[in-house]
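For the sequence shown, the numbering used here gives the first residue as 63, with consecutive numbering after it. Ideal placement from N, C-alpha and C gives every residue a C-beta, glycine not left out. The model shown is predicted, which means the values in this text are computed figures rather than measured ones.
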Amino acid sequence: MTGMDRMRGARRLAPAALLAGALGLAACQTAGGSGATAGAAAAEGPPCGDRPITEAVAGAGRCLMATTYGAETAGADPTLVVILHGDLSSGGAAEYHVPIAQEIGERPGVIAVALVRPGYPDGRGGSSQGSHSGRRDHYTAENNEIVADALRTLAAAHGAARTVVIGHSGGAAQTGAIIGRFPEVADAAMLVSCPCDVRKWRSMRNRSAWRRSQSPIEFADGVAADLRVVALTGGSDGNTRPVLAEEYVAALTARGVDARFVLIPGRGHGFNGLWPTVRRELTALLDAPSG
């Protein structure tokens, strides 16, 4: 059974009527998560209240802001593409990935979601719940669990046949850790400008260690062999140097994972300069047979 077949089976357990009505309902009908956190959240009601899932997504008892394209036109069994932004360490709202989602959502059969990571503002007056710890050392177990559960919520609500996650910079670090810890949440992942070895990344930049953050390289053994991974880094990226993603991909391929590294000559760390190559690789993923 392929990863895409596995996800189809899991997501189609939900009744068709529930999936058909999901876009007009609240972002989450249950609090999500587990243990005391889930119990407390359930007592307080759904974390996103009555906001539609096209605008807000529940994950592990938290509410994440979202901007969605293609939900009304994708039809049955769509491909879900979720984009996670970078750290924006100099400040500002998490919104640069919204135009990218809009472009992706124009493709037939695709729903694209620009998801806002925990603690970040969305540029429209809202903010995702949770903490980004001052935009430092925040690829934590808790934040990764929030995002992973939000991916589950999105896939179930949209009736997705497969899920592709695109992460940029810090979003790529979270994506890499998530697919190692929760391999069922995605069928493919694109890691753009990835600090895939967080400790090595901090050391290479002569910065203090991030001791709470989870690193993709630490969870490489958990990535499913049938999950497709493409890592892309600019050849002139002085922030997340290419070796960080290259070594992560090597760890995956050594286990038989369908992973490869793409070097983008002359490009730096910013997503816009990398997007033409990322678009090409995404198109190849979406056009590839799903079974």
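(1) Between Ala-293, Thr-302 and Glu-168, which lies nearest to Ala-312 when the distance is taken from Cα to Cα?
(2) Just to confirm the assignment: which complete beta strand (DSSP E) runs, minimum length 3, are found wholly within the segment 249 to 309?
(3) Would you say Asp-249 and Arg-224 are within 7 Å of each other, going by their C-beta atoms?
(4) Taking a contact to mean a Cβ-Cβ separation below 7 Å, would you say Gly-370 touches Leu-253 in this structure?
(5) For the putative contact between Val-143 and Ala-120, defined by C-beta atoms under 8 Å, what is the C-beta separation to the nearest angstrom?
(6) Out of Ser-190, Gly-181 and Ser-151, which one is the CA nearest neighbour of Cys-110?
(7) Ordered along the chain, which non-local residues of its own chain (more than five positions away) have a Cβ less than 6 Å from that of Ala-138?
(8) Less than 7 Å between the beta carbons of Ala-122 and Asp-211, yes or no?
(9) Whole angstroms are fine: how far does the CA of Pro-161 sit from the CA of Phe-333?
(10) Let's test the definition: count the other Cβ atoms within 10 Å of the Cβ of Ala-287 and tell me whether it reaches 16, buried, or not, exposed.
(11) Over what stretch of residues does the alpha helix (DSSP H) that includes Thr-215 continue unbroken?
(12) Pop quiz: Thr-141 and Val-247 are said to be a contact at Cβ under 8 Å. What is the actual Cβ separation, rounded to whole angstroms?
(13) Would you check if the segment 289 to 303 and the segment 311 to 329 touch, i.e. whether three or more CB-CB distances between them fall below 8 Å?
(14) Where does Thr-92 sit, in a helix, a strand or coil, going by DSSP?
Once the coordinates are examined:
(1) Measuring from the Cα of Ala-312, the nearest candidate turns out to be Ala-293.
(2) For the beta strand (DSSP E) assignment, the uninterrupted runs of no fewer than 3 residues enclosed by the segment 249 to 309 are, from N- to C-terminal side, 250 to 254 and 290 to 296.
(3) Cβ atoms of Asp-249 and Arg-224: closer than 7 Å.
(4) Residue 370 is absent from the structure shown; the chain starts at 63 and stops at 353.
(5) A Cβ-Cβ separation of about 19 Å leaves Val-143 out of contact with Ala-120 under the 8 Å criterion.
(6) Sorting Ser-190, Gly-181 and Ser-151 by C-alpha distance to the C-alpha of Cys-110 places Ser-190 at the top.
(7) Excluding positions up to five away in sequence, the list is empty.
(8) The criterion of a C-beta distance shorter than 7 Å is satisfied by Ala-122 and Asp-211.
(9) Rounded to the nearest angstrom, the two C-alpha atoms are 12 Å apart.
(10) Answer is exposed; the Cβ neighbour count stays below 16.
(11) Per DSSP, the unbroken alpha helix (DSSP H) holding Thr-215 starts and ends at 203 to 220.
(12) Your pair Thr-141 and Val-247 does not check out as a contact, with CB atoms roughly 14 Å apart and the cut at 8 Å.
(13) By the Cβ test, the segment 311 to 329 is in contact with the segment 289 to 303, since at least three Cβ pairs between them sit closer than 8 Å.
(14) Low confidence applies to Thr-92: its pLDDT is 38, below 50, so where it sits in the model is not reliable enough to give any reading.
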